[in-house]
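Note sheet for the following structure.
Protein chains: 2
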Amino acid sequence: MTGQVRTVDGRVAGRRGQATRQKLLECLSEMLSTSPYRDVKVIDVARMAGTSPATFYQYFPDVEGAVLELAEEMAKEGATLTDLVAGRTWVGKPAWAAAEDLVDGFLSFWRKNDAILRVVDLGAAEGDKRFYKIRMKILNAVTNSLTDSIKELQDKGRVDKSVNPAAVAGSLVAMLAAVAAHQKGFQSWGVKQAELKPNLALLVHLGVTGKKPTK
Amino acid sequence: MTGQVRTVDGRVAGRRGQATRQKLLECLSEMLSTSPYRDVKVIDVARMAGTSPATFYQYFPDVEGAVLELAEEMAKEGATLTDLVAGRTWVGKPAWAAAEDLVDGFLSFWRKNDAILRVVDLGAAEGDKRFYKIRMKILNAVTNSLTDSIKELQDKGRVDKSVNPAAVAGSLVAMLAAVAAHQKGFQSWGVKQAELKPNLALLVHLGVTGKKPTK
DNA sequence: AGCGCTATCTGACGTTCCGTCAGCTAGTCT
DNA sequence: AGACTAGCTGACGGAACGTCAGATAGCGCT
């Protein structure tokens, strides 16, 4: 299913090959978090991995291609974000807890993978379908079940019919992603990390249920 | 005050110089909206402007430097975003109109300048203070007066004391920016442009006032 | 018009990085 | 040990970078 790891010219990589490939990915990841994307060069990644540029090209078509690989890995891990929303109830006190947990989990996932995520964001915004799909995969993990939750509330008459569940869920998730990506930005408005979270949770709660939370 | 336009080596540019400089900026802008940021080369911009690469370096230190210039221009124009929120009331029917107008104005500004904005976003996320400041300048235009509006409602007892106005305002604006940057993304969730706007307006209204809108 | 001044532009260069290939190296198997 | 091959790399032609010294052209003056 997943297909074995292959070199650029189509051969299957063996044990040693996989190891260097992995090392290259690690170094790329490191590189991405220390220098601007535009300045990440194949030559630097190779040097850091203690190998030659030619080796890099054996496993990846270019920097972008390798970044996609990293992103794909992260997207797999990101599937666990579903757990943040799956099987949660959005009524009463548990709803507040659900909102808090969602915000918390989402922010920490984003912070942990910020370097790759900002490149994915860029690629997606530029219209590159490959990045776009990866971004979707991650966000879908949350958005879909959030959409379902809203639909459910709507069916029970607890949320207005005029609401488009997918639009609201998508917007809320986009908000979380944006805030996570620019957390430092909030400091300049005099908003501290710790203060940010409950306010985000409030917005999520309001968006999903249409009501103020009962804490 | 604003300082005249200067060449890289510090001399003041004359009429002709300004013209080519401007042409270079235009071509760069064009380039940014047609190819990925990582692939925008000085040589291409120069070629498109019908001049030599050396000329480019007379006016800008590198591509990034030129992008900053473009961004600064846009930020100036972005100051008009204040008008979307200044002097609006967030009570009753006018509040709904205010939310709608804000969403509308914000989205169209973003769409108009998407190419530069995504580079600014990237730079800011990467921690580059110059881009970061520009991003702030644009967002502040909206966030500050939104913050004030929330504070005002809070003083009147219409909004809960536990709310941090800056955090909420900032988050809402971040949401608008993120949704604007990834508008295409919503199509894949089956959400159309036209549907998106009222739902965003709803979220803005909920966020600012804490209540459902009366349309 | 002709002259000279200086702002502006560019050809040309050394350097860095790209991406490819043929050939070398080092694990592995018998 | 010998041979087989997966994996690595030196070396190369080409593209883009960033810099400089020198060419060009617009402008003011007579």
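Sequence lines, in order, name chains A and B.
The first sequence runs contiguously to residue 215 in our numbering.
The second sequence runs contiguously to residue 215 in our numbering.
We put the beta carbon where it would ideally sit given N, CA and C, even for glycine.
The beta carbon of A:N113 does not come within 8 Å of any beta carbon belonging to chain B, so the residue lies off that interface.
In the displayed model, A:V8 falls within coil according to three-state DSSP, outside both helix and strand. Between the stretch 48–59 of chain B and the stretch 95–114 of chain B there are fewer than three inter-stretch CB-CB distances shorter than 8 Å, so the stretches are not counted as touching. H182, K184, G185, F186, S188, W189, G190, V191, E195, L196, P198, N199, L200, L202, L203, L206, G207: these are the residues of the stretch 182–207 of chain A whose beta carbon lies less than 8 Å from some beta carbon of chain B, given in chain order. The C-beta distance from B:A98 to B:R88 rounds to 4 Å, short enough to fall under 8 Å. Here DSSP, grouped into helix, strand and coil, assigns B:H205 to helix. Using a Cβ distance threshold of 8 Å, B:V204 and A:G170 do not count as a contacting pair. Against chain B, a Cβ distance below 8 Å from A:V45 picks out nothing, because the smallest value is about 14 Å. Under the Cβ criterion of 8 Å, A:Y57 is not counted among the residues facing chain B. The beta carbon of B:F109 is closer than 7 Å to those of G78, L81 in its chain, skipping five residues each way along the sequence. Rounded to whole angstroms, B:I138 and B:L153 show a C-alpha spacing of 24 Å.
For A:S149, the enclosing alpha helix (DSSP H) stretches over residues 129–155. Residue nearest to A:A49 within the set A:L122, A:C27, A:G207, A:A95 is A:C27 (criterion: CA-CA distance).
A direct Cα-to-Cα measurement between A:G14 and A:D39 gives close to 31 Å. Within the same chain, and ignoring the five residues on either side of A:V8 in sequence, the residues whose Cβ sits closer than 8 Å to its Cβ are Y57, Q58, Y59, F60, P61.
Of the candidates B:A95, B:L68, B:A46, B:T147, the residue whose Cα lies closest to the Cα of B:T214 is B:A95. Residue environment analysis places B:T209 among the buried positions, since at least 16 neighbouring C-beta atoms fall within 10 angstroms of its C-beta.
Cα atoms of A:N144 and B:D101: separation of roughly 28 Å, rounded to the nearest angstrom.
For A:T34, the enclosing alpha helix (DSSP H) has its first and last residue at 15–34.
In this structure, B:L176 keeps its C-beta atom at 8 Å or more from the C-beta atom of B:V120. Note on A:R47: under 16 other CB atoms within 10 angstroms of its CB, so exposed under the neighbour-count rule. Within chain B, the residues P36, Y37, R118 have their CB atoms less than 8 Å from the CB of A:E126, given in chain order. Within the stretch 53–80 of chain B, those residues whose Cβ lies closer than 9 Å to any Cβ of chain A are, in chain order, V63, E64.
If only complete runs of 4 or more residues are kept, the stretch 47–72 of chain B shows the alpha helix (DSSP H) at 53–59, in order along the chain. Between A:W90 and B:A166, the beta carbon gap of about 27 Å keeps them out of contact (Cβ cut-off 8 Å).
With its beta carbon less than 8 Å from one in chain A, B:A166 belongs to the interface. Any Cβ of chain A closer than 8 Å to the Cβ of B:T89 would place that residue at the interface, and such an atom is absent.
For A:P94, the enclosing alpha helix (DSSP H) starts and ends at 92–112.
By the CB criterion at 8 Å, B:A174 and A:A178 fall inside the cutoff.
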